[in-house]
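Here the structure comes first, spelled out in structure tokens, and everything after it is commentary.
Numbering (this note's numbering), first residue to last: 6 to 126.
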């Protein structure tokens, strides 16, 4: 699954639009939860290398995901809460989307614990 296919999935699944910044000579694309403005997915591609998607995960599961799916610690976000998923075909499409959905749900759930409800979701 490539970055554009994931962007299409995000546009259909969640009411979010990306912010794009130029960081160290390459583009970084950030998707944020519309209620909290907290990021749930960050995409980046170092020059001439694999594109990565950073997503949030439960801190006690980060090590398991890295080991089981050969993922990496996050590059830009807190390594205790985020991991980097290579978009080079080494992780199944379904697992990429599962991790993306989990990240969105974690960020959205933070809004609920801060007093908002998920009724408008």
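Just so you know, even glycine gets a beta-carbon here, dropped at the ideal spot from N, CA and C.
Quick test of your reading: residue i and residue j, contact by CB under 8 Å. State the CB separation rounded to the nearest angstrom.
{"i": "residue 90", "j": "residue 111", "result": "About 15 Å; that fails the 8 Å criterion."}
{"i": "residue 36", "j": "residue 44", "result": "7 Å"}
{"i": "residue 60", "j": "residue 108", "result": "4 Å"}
{"i": "residue 76", "j": "residue 6", "result": "Not confirmed; about 15 Å, so no contact."}
Using a Cβ-Cβ cutoff of less than 7 Å, which residues in the same chain neighbour residue i once the five nearest sequence positions on both sides are dropped?
{"i": "residue 79", "result": "59, 87, 88 and 89"}
{"i": "residue 84", "result": "78"}
Name the two residues that bound the continuous beta strand (DSSP E) containing residue i.
{"i": "residue 25", "result": "24-28"}
{"i": "residue 60", "result": "57-61"}
{"i": "residue 46", "result": "44-49"}
Would you give the residue range spanned by the alpha helix (DSSP H) that residue i belongs to?
{"i": "residue 13", "result": "8-18"}
{"i": "residue 72", "result": "67-74"}
Which residues in the same chain have their Cβ closer than 6 Å to the Cβ of residue i, if we skip the five residues on either side of it in sequence?
{"i": "residue 82", "result": "59"}
{"i": "residue 53", "result": "none"}
Exercise. Taking one C-beta from the stretch 27-37 and one from the stretch 49-69 each time, how about it: are there three or more such pairs within less than 8 Å?
Worked result: yes
Exercise. What runs of the beta strand (DSSP E), each 3 residues or longer, lie entirely inside the stretch 79-108?
Worked result: 87-91
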